[in-house]
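A short write-up of the structure that comes next.
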Amino acid sequence: MLKIVDSAVPVACWSCSAAHKASALFCSNCSKIQPPPSGEYFSVFGLRPQLNLDLDALERELHRLSRRLHPDRFARASENEREWSLADTALLNDAYRTLKDPLRRTEYLLKLHGAEIGEEHAGKDRRDPSRVPPDLLEEVFDLNMQLEEMRSARQAGETDQELEKNLVEAKKKFDGLLEEVDRDLRAQWQAWDEGDQAAREAAQKTMAALLDRRRYLNNLVRDVTETLGA
Amino acid sequence: MAEARIVGIDLGTTNSLVAYMEGDKPVVIPGVDGSNLVPSVVALDPIPAGGGRPTVTVGNSARRALIETPERVIYSVKRLMGRGLAEVRSELEFFPFRLADDVEAGEVPRVQLGELRFTPPEISAYVLRQLKKNAERFFGAPVTQAVITVPAYFNDAQRQATKDAGRMAGLDVLRLVNEPTAAALAYGLDRAKEGLIAVYDLGGGTFDISILKLRDGIFEVQSTNGDTHLGGDDIDNLLLAVALDEIHAEHGVDLRKDPAAVQALRKAAIDAKIRLSSEQSAQFDIELPNGDRYQREIPREVFEQLIEPVLNRTAGPCKQAVADAGITPDQIDEVVLVGGSTRIPAVRRLVDDLFHLSARGKKPHIELNPDEVVALGAAVQASILAGASKTTEELLLLDVTPLSLGIEALGGVVAKIITRNSTIPASATEHFTTGVDGQTNVAIHVVQGERELAADCRSLARFDLKGIPPMAAGLPRIEVKFLIDADGILQVSAREQRSGKQAEIEVKPTYGLTDAQVESMILDSFDHAEEDFARRLLIEARNEAETILTKVEQARANPAWAQLTGEEQAAVDAARDRLASAKLGADLNAIRAATAGLDQATHRLAELMMDAAVTEAIRGKTMEAAGQELSDHITAPHPMAAAEFK
Chain S
1 MLKIVDSAVP VACWSCSAAH KASALFCSNC SKIQPPPSGE YFSVFGLRPQ
51 LNLDLDALER ELHRLSRRLH PDRFARASEN EREWSLADTA LLNDAYRTLK
101 DPLRRTEYLL KLHGAEIGEE HAGKDRRDPS RVPPDLLEEV FDLNMQLEEM
151 RSARQAGETD QELEKNLVEA KKKFDGLLEE VDRDLRAQWQ AWDEGDQAAR
201 EAAQKTMAAL LDRRRYLNNL VRDVTETLGA
Chain W
1001 MAEARIVGID LGTTNSLVAY MEGDKPVVIP GVDGSNLVPS VVALDPIPAG
1051 GGRPTVTVGN SARRALIETP ERVIYSVKRL MGRGLAEVRS ELEFFPFRLA
1101 DDVEAGEVPR VQLGELRFTP PEISAYVLRQ LKKNAERFFG APVTQAVITV
1151 PAYFNDAQRQ ATKDAGRMAG LDVLRLVNEP TAAALAYGLD RAKEGLIAVY
1201 DLGGGTFDIS ILKLRDGIFE VQSTNGDTHL GGDDIDNLLL AVALDEIHAE
1251 HGVDLRKDPA AVQALRKAAI DAKIRLSSEQ SAQFDIELPN GDRYQREIPR
1301 EVFEQLIEPV LNRTAGPCKQ AVADAGITPD QIDEVVLVGG STRIPAVRRL
1351 VDDLFHLSAR GKKPHIELNP DEVVALGAAV QASILAGASK TTEELLLLDV
1401 TPLSLGIEAL GGVVAKIITR NSTIPASATE HFTTGVDGQT NVAIHVVQGE
1451 RELAADCRSL ARFDLKGIPP MAAGLPRIEV KFLIDADGIL QVSAREQRSG
1501 KQAEIEVKPT YGLTDAQVES MILDSFDHAE EDFARRLLIE ARNEAETILT
1551 KVEQARANPA WAQLTGEEQA AVDAARDRLA SAKLGADLNA IRAATAGLDQ
1601 ATHRLAELMM DAAVTEAIRG KTMEAAGQEL SDHITAPHPM AAAEFK
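This is the structure in structure tokens:
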């Protein structure tokens, strides 16, 4: 399950040979930049995996580390250091991008714990019936019919105000459901951050299901917005 | 010895500049003629009488040749950088350049210039080499390292082409910086501000909008957007099309087939455009080949109606950038205007509207010269890289990639792996496997863009993962790491995880030159050995002197010479004699001073000659000189019928 990064085997600094942690970006002895660590994103920021984050502190840490790691600081350094600076900064930026966004952060944490998160690739059929949350089956069926009608009406150059009104209504409803999912997710963050092993596992399961539902709703809302805006 | 200086270069569509950090202030380095701007114009001089390779001139002198020998001159080449054959063809509809006729699909297009053919990076390399020379002349020391700016919305291929040009010019390009970001850096230097800044950059050929957050000396780009084919050139083309159409309709003269006349008209159009930024109206007054005059008043309001569609094309990218930054226009604290086209009052009104500036009691920043601010910012970035200045020690730029990076998945759809506006450097790791037993190659297609289908995005490269150990289908696990570096350029590495073997990658860039090609195009240049440098400067100064002396000698035969007063003629002669004798000596500074003196003394003469050349070109004296259908395609994309445009 969870890999504890902090307990990683010590490695030696390329410059002064002092031992330091495998997750370190710099040597604790001589401060020289090190090759990219194998650690996960939380450890890049010196954090334990957690879902509630102080985003302001995260940004300050990004800036502090960027000042030391960025390729601009190594323009005239050795080729190795230049390469590590590039790889380390990419890791730092990847980590920040993932952790600052609530959904990406949640997905990432679940992935760390072995969850299979559905990849949201554009090509997947959004209307695959097996992916519809059971409680929404009927509404989704109706909505898809209306979307089809709307598209063919548009193609024929007609405007159906009744239909448009219905779609706007539907969008409002699904937007509301999205907000509900987000509230539920946040509640689970708390449960995960503060819970014991069993509570965490339960929270992980719930969050994985919520993320699936959220992705589904999001695609629906996008479809409606696109169709209305076309 | 102090480390060599790093210069900052703005390689523009219309003009280019080189700047450096003098103490804690960025300063533009002037050229031989004392001007800060080097027009991005490259001309091929006629082949010398004795044979051999013709020489290349850059800048103002090349611009003069535009009227006399348009088939030997190229400008706005930035629009062609990193682009494929089809794209370049559509671009050429509006620019009177010829593609070499032997270019094949998949090759980097080459432009025919006189007898020779050049790729766009080679042309840019000539401009860069001129800037490099100007800097070396200024410092009296070699310059080999540079920061070069590019439009923020440049894609991978356009960035790579710019780097290639640097290498051909003998420059080690330490960083590509996005132009709007550079401008923010130039502005942010002397004010320790915090907050959100929008940089609106409408240049000669490109438009960028970037939104940055400033905090503790860190310039963090939040989002960027733009259009790499939108700028002052498009406005010139509109005015030009109107003039060509009206001349055709009213006087029965079709000047489109006459490149020299088109160039002369273009110059008149640009002059009118510039006047309209300060005056309420401007005039065309041109003598035609048949003796008629084309006279035409252009009131500012008509001009503004004409260019409105062009300006409105900047609104969409601005709104998208604001949305991508997750803010509203009212949250923007400052707006910075960059690029010569932002001098147009209608542009300023549009910006004011987009960001609700006057409604909030704000004004856009225009304190720094919009033509120079990007170069100044590049100099600041150069100083950051050099790490030698207290002023820039605390500054750091965190820029983003303007376009999403994706790979083509099953069914031709794009799987995005790095989304637009991600801070760079950024990376993504993907895993690939085989579909057939014993398969040893996997092909990957990388694209850049926002569309869902790979065919609608821009193809970046095709990678072939080779040497995969033969295994059952689906068993190999090839890890491919995509990394966008601090220049916004993609790097790829791969590894087969089961065998631990480093998979071999063969990169076929869809557009662009191979390493070997770039190597072969490095401009023949002097050896950079230090001891030769003083000698080289002397040789160059003598060459400059020789060039101007020859031109002055030729000019005496020109009718314009007779238009000078006796006093002016005497002044030219005296300056000429001073230079002729200085040239014989070995005093570098004396030669330069005398060169500048002669240049000064012949200013009016040059102007008179230029005017004469324009008139001649319009009269059609040089018409047969170009037997090609260059500007054939300039149709009238302007929205107004000729009748309304009175």
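Protein chains in written order, with our numbering: chain S, 1 to 230; chain W, 1001 to 1646.
Note that beta-carbon positions come from the ideal geometry of N, C-alpha and C, so glycine has one too.
Only a predicted model underlies this, so the values are computations on that prediction, with no experimental measurement involved.
DSSP lists PRO1039(W) as the bridge partner or partners of ASN1015(W).
Cβ proximity to chain S below 9 Å picks out ALA1426, SER1427 and ALA1428 from the segment 1426-1438 of chain W. For ILE1384(W), the C-beta contacts it makes with chain S under 8 Å involve ASP72, in order along the chain. LEU228(S) has its alpha-carbon roughly 38 Å from the corresponding atom of LEU1080(W). Note that the segment 1102-1119 of chain W does not touch the segment 1149-1156 of chain W; fewer than 3 beta-carbon pairs, one per stretch, sit closer than 8 Å. Taking the CA atoms as reference points, ASP101(S) sits about 45 Å from ARG1129(W). By the Cβ test, the segment 86-98 of chain S is in contact with the segment 34-47 of chain S, since at least three Cβ pairs between them sit closer than 8 Å. Put simply, the backbone Cα of VAL1262(W) is about 15 Å away from that of ALA1612(W).
With its beta carbon at least 8 Å from every one in chain W, SER38(S) lies outside the interface.
The beta strand (DSSP E) runs lying completely inside the segment 1088-1158 of chain W and spanning 3 residues or more are 1111-1113, 1116-1118 and 1145-1150, given in chain order. The beta carbon of ALA1575(W) sits closer than 6 Å to the beta carbons of GLY1597, LEU1598 and ALA1601 from its chain, once the five residues preceding and following it are set aside; these are given in chain order. Sequence-distant partners of SER28(S) (beyond 5 residues in either direction) whose C-beta falls short of 6 Å from its own C-beta, in its chain, are HIS20.
With the criterion set as a beta carbon lying under 9 Å from some beta carbon of chain W, the members of the segment 40-69 of chain S are GLU59, ARG60, LEU62, HIS63, SER66 and ARG67, in sequence order. With 16 or more other Cβ atoms inside 10 Å of its own Cβ, GLU1334(W) counts as buried. For SER1223(W), the enclosing beta strand (DSSP E) begins and ends at 1218-1227. Per DSSP, THR1055(W) lies in no beta strand (DSSP E) segment and is marked neither H nor E. Any Cβ of chain W closer than 8 Å to the Cβ of LEU103(S) would place that residue at the interface, and such an atom is absent. Residue burial annotation: VAL1518(W) is buried, with at least 16 other C-beta atoms found within 10 angstroms of its C-beta.
Secondary structure in the segment 1364-1406 of chain W: the beta strand (DSSP E) runs of 3 residues or longer, each lying completely within the stretch, are 1396-1398 in chain order.
DSSP, read as helix, strand or coil, puts ASN1178(W) in strand. Distances from the CA of ASN1589(W) to each of LEU1044(W), ALA1062(W), SER1016(W) and ARG1137(W) were compared; the closest alpha carbon is that of ARG1137(W). Residue contact with chain W for LEU86(S): present (Cβ-Cβ distance below 8 Å to some residue of chain W). If only uninterrupted beta strand (DSSP E) runs of at least 3 residues are considered, those enclosed by the segment 1428-1486 of chain W are 1442-1448, 1458-1466 and 1478-1484. Taking 8 Å as the CB threshold, ALA90(S) lines the interface with chain W. Remark: C-beta atoms of ILE1218(W) and ASP72(S) do not approach each other more closely than 8 Å. LYS1132(W) counts as buried, since no fewer than 16 other beta carbons sit within 10 angstroms of its beta carbon. Contact check for ALA1378(W) against GLY1140(W) fails: the beta carbons are separated by 8 Å or more.
Taking a C-beta distance under 8 Å as the contact criterion, ARG1458(W) and PRO1476(W) do not qualify as a contact pair. Beta-bridge annotation (DSSP): THR227(S) is not paired with any residue.
For ASN93(S), the chain W residues whose C-beta falls within less than 9 Å of its own C-beta are LEU1398, SER1422, THR1423, ILE1424, PRO1425, ALA1426 and SER1427, listed in chain order. If you keep only unbroken alpha helix (DSSP H) runs of at least 4 residues inside the segment 1245-1285 of chain W, you get 1259-1275. The segment 56-105 of chain S is shown to contain whole alpha helix (DSSP H) runs of 4 or more residues at 79-100, in chain order. From the listed residues ASP175(S), ALA75(S), MET145(S) and SER38(S), the smallest Cα separation to LEU163(S) is found for MET145(S). By the 16-neighbour rule on beta-carbons within 10 angstroms, SER1427(W) is buried. Apart from the 5 residues on each side of it in sequence, ARG1215(W) sits with its Cβ closer than 8 Å to the Cβ of GLU1194 in its chain, given in chain order.
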